[in-house]
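Student: If you use the working numbering, the sequence shown corresponds to residues 362 to 452, in order. Glycine included, each C-beta is placed from N, C-alpha and C at the ideal position. Quick caveat: nothing in here was measured; it's all calculated off a predicted structure. First, the structure itself, so that you have it in front of you.
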Amino acid sequence: MVGTVANIYFALLAAGYMTTILLVYLVGNKIKDHVVKIGYIWVAKWSVFVAFLMLSGIYLPDVFLYSLMMFIIFNLSVNPSSVMIKKEANL
């Protein structure tokens, strides 16, 4: 058995990771300067990646590889612009 069937804490780790990334994107949405916003989101999401990977490696070593793959896929597939408010340019 793997994943949430073998270890319920894996589901809690995944939910915590996704919630934290969502909060990073929502806080980044409040930044007005686009360059600073992109830099903040990039640094913050990969910092959260490292922090949660360390947590899973220390406390959940049996699901570490599953966590690693989930975090990588989530980081690469979620587009922060889908959370950000889009404003059309006035021409």
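Do the CB positions of Lys406 and Val385 come within less than 8 Å of each other?
Tutor: Against the sequence shown, residue 406 aligns to sequence position 45. Against the sequence shown, residue 385 aligns to sequence position 24. Taking 8 Å as the Cβ cut-off, Lys406 and Val385 qualify as a contacting pair.
Student: With Ser438 and Ser428 assumed to form a contact (beta carbons below 8 Å), what rounded beta-carbon distance in angstroms separates them?
Tutor: Your numbering for residue 438 matches position 77 in the sequence shown. Your numbering for residue 428 matches position 67 in the sequence shown. At roughly 16 Å, the Cβ-Cβ gap does not stay under 8 Å, so Ser438 and Ser428 are not in contact.
Student: Determine the direct distance from the alpha carbon of His395 to that of Met415, and round the result to whole angstroms.
Tutor: For this step, residue 415 is matched to residue 54 along the sequence shown. For this step, residue 395 is matched to residue 34 along the sequence shown. Between Met415 and His395, the C-alpha separation is close to 30 Å.
Student: Alpha carbon to alpha carbon, how far is Val411 from Asn436?
Tutor: Your numbering for residue 411 matches position 50 in the sequence shown. Your numbering for residue 436 matches position 75 in the sequence shown. Approximately 11 Å, taken between the alpha carbons.
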